[in-house]
Amino acid sequence: MVERYLILEDGTAYKGEGFGAPAVTTGELVFNTSMTGYQQIITDQIYHNQIVIFTQPNIGSYGINQSNYESIVPTIKGVIVRDLANVSTNRISRLSLDQYLKQMNIPGISGIDTRAVVSKLRQMGETVKASIVPVADDHAFDQLHATVLTNQQVAQVSTPKPYPNPGTGNSVVVIDFGLKHGILRELVKRNCNVTVLPYTASAEDILSLDPDGVILSTGPGSPYDINDSVIEMIQSIQTRVPLFAIGLGHELFALANGANVVKLPAEHHGMNHPIKEVITTHIIYASQGQGFAVERNSVDRRTLFITYVDLLNDTVQGLRHRDFPAFSVQFFPDGAPGPDETKGLFDEFLETIHRQEDNR
Amino acid sequence: MNHPISKVLIIGTGADQINQSTETDDAIYQVASSLNDLGIDVSLIDNNPFSVALGDKTIIHDSKIAPITFDNVLETINEFQPDAILPNLGGLKSIQIAQQLFESEELKKRDITMLSMPEFAIRQISNPVLMNEMLKKMGAPITTTETITSFSDAIHIVQEIGYPVIIKPVSPFGNSSRRLCNDNDELAEAVEIAMSQSKIQQAVLQQSIVGYQEIELVVIRDRLGSMLQVAGIEDFDPIGIHAGDSISFTPTQTLMDIELQELRDLAFSITRKLRIVGVNHVQFALNPDTGKFYVIKNSPYFDRITSFAGHATGYPLLYVCANLLMGKTLEQLELPASFGFKSALLEPTMDHIAVRMPIWPFQSLPDADQNLGTQMRSTGAVIGIGRSTEEALIKAIRATRAQADSLSIESQVKLTDDQIIQYIIHPRANRIVILMEALHRGYSRDELSELTKIDPFFFYKLEKIISLENEIAENPDDVEVLTRAKYFGMSDRMISVLWNQTEDKVRQFRIDNELSPTYKQVDFSAGEFDQHSNRFYSTFELENESHPSDAEHRALIIGTGGLRLGNAGASDYFTSKLILSLQKQNYETVLVNNNPSAVSMNLADKLYTEPLEAPDILEVISIEKPEIVYVPGSRSRLITILEQKDLKVEKLPQNGQLLSHLASGKEYALTMIYDGTNAVSLDLTSYLIQNESGFGDPTAFIYPAKVNSRLKSDIMSIGTERIKQQVTPGIYQALFVVTGGVHFEQVRQLPLAEQSFLAKVLNLDLVDISLKLAQSQCDVNQLEINLVNNKIWAFSAAFPFRSLGLHDETIQSETIIGAEMAYGHSITDALKQLSPNGEDSIHNGTYY
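Now the structure itself:
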């Protein structure tokens, strides 16, 4: 057993048992309340810069398998669990979580009173920096305080070069802010001919590919840390082709249309919030992961209308443009992990594309 | 629903039995009390003397005590004139009666609404063929069941679905066989035999799902169609063993997200398709080789799994469903004040693990077949909650016994390797102990998984427990090892056995090293919201969340745990009524218990879901510092320990005491309430079944007894004298045998079974009276007692013999599983109403 510590900016230290890579790490501490899908969460690039606490106490019980990655190289900073199950014996798994994190150079700690840490985070109500270290001494705390986390997360996770994911159906351009594979999976299922572009792509770059539709992907960090040229790109593209924006993409879409985005007192990561579809009053559950939200009062009702609302914290979960075939959701419609009931939004996107084609 | 509902009739369940115990009464009590809060009058038909709800005037406006049959339900409808009927609280039987009510058009005639599900759904639930057709139509995966008339038909189907398959005859002449076939030769033989047994030369071919993994989902839906998943439950044992006899885990332990989402979608579509309002429990089979799922059962009613889901997650399932049934929507609904977060729409997410573990009847019935199969054999269950799979599992195993020395059974050591293999292949009760022993003897995870079809993950966890045990045994008095042992759920006693010390010494060593449990909320938001749940479980971590309230008076009540044979339902009746009475006296009631089906578990102001060993109780006491502790009388060791700590202990009456006979003959009992000065009579009981060795718990009796006036006056005068000699106030029985003359035998406390029966007959809260007697706050002359004079009541116990494959078993109080009560104008009249279809009951009405 290797002792490791989770230390927080305020001087708190939690002792646990190390697993994964023996690296020292620093990041923002967030918690995820999903009961399943640790592999997808760990590989989701929205966790760039972040150390994730799993509230479900038993993590690792079905190993790691080849079909549930959400990125090729995970960018999560660390993994905190109550109890690690070190198995690789599931029907389709060949790798244990511990082995995987070692390969990917990501440290983890088990044996932490995760509920106590979550309760502390909830009470603090602000972003908390934390480190995973071998010894919780003054040096470690000094290092933690001295570490400045990058705000160039998107630049670090977005693809540097365009790449295709050919299909025989509609051509869709996906702008990669920290793309989650789930989006590609849903497009592939619908036969789309996908081209993934770096987040720096200009409207001209995009239009030169003559896409039938454009998706703005999920990604890590604050929408305000992203270059204004991206906002201009969105403003231009939404007038030309059907647009579907997700997660960080949704926040950028809101900014591009005059709404305000605010930082939440506590990040929300989970799949148990009821989300109401405003037009049908239908209630759905979806995978969510957000540190920011569109400010409800800032939405100009002449430009946008609110399509989805989180019934627990009242945050805007979806927007639609009044004039253009453009819409967005804060949650992750591809699930992975999480409920399937929102996958229909990809069909809606394709229907929008087909309607546009008919109009042409 | 086109008229407002102001009066609802609930169809109850009758006697507790295997596969249906107090969880339905718990559901009835909670739903009825929520309906009351909505201003609705609730009436109930039931004949279970151990029911807490039946006859409780504070929540049930009208109670009808009668066997649950179509005719009686109809009569009850005529009597109470309800606007609506609630059929989802009485199990499958009440669904079947609901269907008869539809078919007879009696509901239409009276303009009565059926709550919780529409007619077509009710029809499908009681008819598996219709259900399968619907599932097939909606594209849900179901196992193949086809009618065949020849071997070539069979081969044709098998080519598609593969072996193994099951063949059985349609409309058999008499005896019919059900054959499992693994190849063409076996199939040919089975088809031939089935055809010869069938009146119409037809057979049914079924895809065999034996060995598949079993997963259960509990979902709820409101009238507008909003749904949420309350819990996903994974069974340890594969299909082939009844789900009720399997150890179950929630959240699911080995399912990947994509698999769980698929099940969730299916459960939602079925619930939507059937337009169910309230709860639905859907069972699935997973082929572990292919990852393919099948829907195997859909039960839109409260059952043992819904109660487990409620207690495991902390979600107020019964409260929410009661409101949904009355037309509220999940979005409108606010949770009661004890929930910090008000929305009923927060889908339960857990930061703890809960395990349900069956309780077996074999200690009382050693001759019963202990092999497990498709027939359920366990009589009850316990729940263990912890922060790791190991901790939850060990706590559940501990909760099945009053005192667990270790995770293995001594006798296991004597089993030969051949026996071990036999028991692995042909699973028996308590198989987890055998599996642990197999691991001890060097079987590998993969081997065992192959042989048992249990997911290797569970063997991985069992191996961890075994290596922990070894580590403990090898390191006596090692604080670090002790810390680890406690962290994974080992009890002081288990550690003491491994260290060869006394339990008390280990406990002291632990306390000296500041190793005390911390209590966490059973919180369905996983810590995301600041909940103020009143439900706790222990673990050994940093932060303790349970603090005593500032209530002026606090009583700690020790529950009776999982239901065992021997009038256990009556014990929980007593615990429940005691809690309600203490609450009326402004006590804060704190309960320690671990039976997910118990009515008491949902009644106390604060609940600790914990094993019931002395150290567990002492830890709770050190936090709660109660004024008084109520302990079941049978827990004599615990009582001694508590009394040694100078705690005020009150013993609760116990079941199953046998008092030897002095003479033999007809047995009578005079029941009296004695306040220390005066005694008032509750009349005579006459016992029908006599135990040769003495007065036991009653199994069948008549009340009031018909005796001539001379005999009665003799009994009265001797009985009064004897009861008045008792040192403490209480409700007592003077026992008599009549053989020509009257022989006084002895005085005993009124048995629990009779207490719950008499309370209903006399409409008297006897538990409340007992409590006040113990507090010296009862003057019997102030009691308003109306004895029965124009009716005869009867009580008859029910036994699980048929379910357990037993014949010619002797009837005795230790093997009672439930009971029924009835009344009539004569003894015969009363008796014939008992158990209309009950082979399991001792009475067929022929005694008089």
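Note that the protein sequences, when read in sequence, are chains A and B.
Quick note on the working numbering: the first sequence kicks off at 1 and runs consecutively.
Quick note on the working numbering: the second sequence kicks off at 1001 and runs consecutively.
Don't be surprised by glycine CBs; every beta carbon is placed ideally from N, CA and C.
For G1386/B, DSSP records a beta bridge to I1353/B. Our two residues, I1157/B and N1280/B, have alpha carbons roughly 32 angstroms apart in a direct line. Annotated as distal: Y199/A and I215/A, with beta-carbon spacing of 9 angstroms or more. Y1519/B and E1610/B have their C-alpha atoms roughly 10 angstroms apart.
With its beta carbon less than 9 angstroms from one in chain A, A1526/B belongs to the interface.
Checking the DSSP bridge columns, you'll see W1793/B partnered with Y1703/B and Y1823/B.
Within the stretch 27-39 of chain A, contact with chain B at the beta-carbon level (separation under 9 angstroms) is assigned to F31, T33, S34, M35, T36, G37, Y38 and Q39. At a C-beta separation below 7 angstroms, Y1212/B has no neighbours in chain A, since its nearest C-beta there lies roughly 12 angstroms away. In the structure shown, the three-state DSSP call for M1227/B is strand. Here N1586/B is exposed, its C-beta having fewer than 16 other C-beta atoms within 10 Å. Taking one beta carbon from each stretch, the stretch 1571-1585 of chain B and the stretch 1050-1062 of chain B have 3 or more pairs nearer than 8 angstroms; the two touch.
Distance from the CA of Q1833/B to the CA of S1756/B, rounded to the nearest whole angstrom, comes to 19 angstroms. As DSSP reads the structure, D1041/B sits in a beta bridge with K1007/B.
Residues of the stretch 1721-1751 of chain B with a Cβ closer than 8 angstroms to any Cβ of chain A: none. The continuous alpha helix (DSSP H) containing T1640/B extends over residues S1636 to Q1644.
When the Cα atoms are used, P1164/B and D1455/B turn out to be separated by approximately 20 angstroms. Residue pairing of T1539/B in beta bridges, as defined by DSSP: T1518/B. Residues of chain B with a Cβ closer than 7 angstroms to the Cβ of S61/A are, in chain order, Q1253, T1254 and F1457. For M1/A, the closest alpha carbon among the candidates G78/A, G37/A, K77/A and I109/A is that of I109/A. When DSSP states are grouped into helix, strand and coil, P1316/B belongs to the coil group. For F331/A, the closest of V194/A, G182/A and S298/A by C-alpha to C-alpha distance is G182/A.
Take the alpha-carbon of L1647/B and the one of R1507/B: they are about 18 angstroms apart. Secondary-structure assignment with DSSP links K129/A through a beta bridge to E28/A.
Under the Cβ distance rule, D340/A counts among the residues neighbouring chain B, one pair being separated by less than 9 angstroms. Here R1304/B is buried, its C-beta having at least 16 other C-beta atoms within 10 Å. When Cβ-Cβ separations below 9 angstroms define contact, H181/A makes no contact with chain B.
The stretch 207-246 of chain A contains, as complete alpha helix (DSSP H) runs of 4+ residues, the segments 228-237 (chain order). Nearest to F1536/B by C-alpha distance, out of Q1375/B, L1435/B and G1314/B, is G1314/B. Contact between E1627/B and R1554/B holds: CB atoms are separated by about 6 angstroms, below the 8 angstroms threshold. By the C-beta criterion, the stretch 1205-1223 of chain B is judged to be in contact with the stretch 1307-1324 of chain B, since at least 3 inter-stretch pairs fall below 8 angstroms. Here the stretch 266-273 of chain A makes contact with the stretch 286-293 of chain A; the two share three or more CB pairs at distances below 8 angstroms. Straight across, the Cα-Cα distance linking D1405/B with R1387/B is about 22 angstroms. Scanning chain B for C-beta atoms nearer than 8 angstroms to the C-beta of Q56/A yields P1251, T1349, M1350, D1351 and A1526, reported in chain order. Take the alpha-carbon of F1736/B and the one of L1758/B: they are about 19 angstroms apart. Non-local beta-carbon contacts of A1797/B in its own chain, meaning distances under 6 angstroms to residues more than five positions away in sequence, involve T1699, I1816 and A1819 in chain order. Not a single C-beta of chain B is nearer than 9 angstroms to the C-beta of Y100/A.
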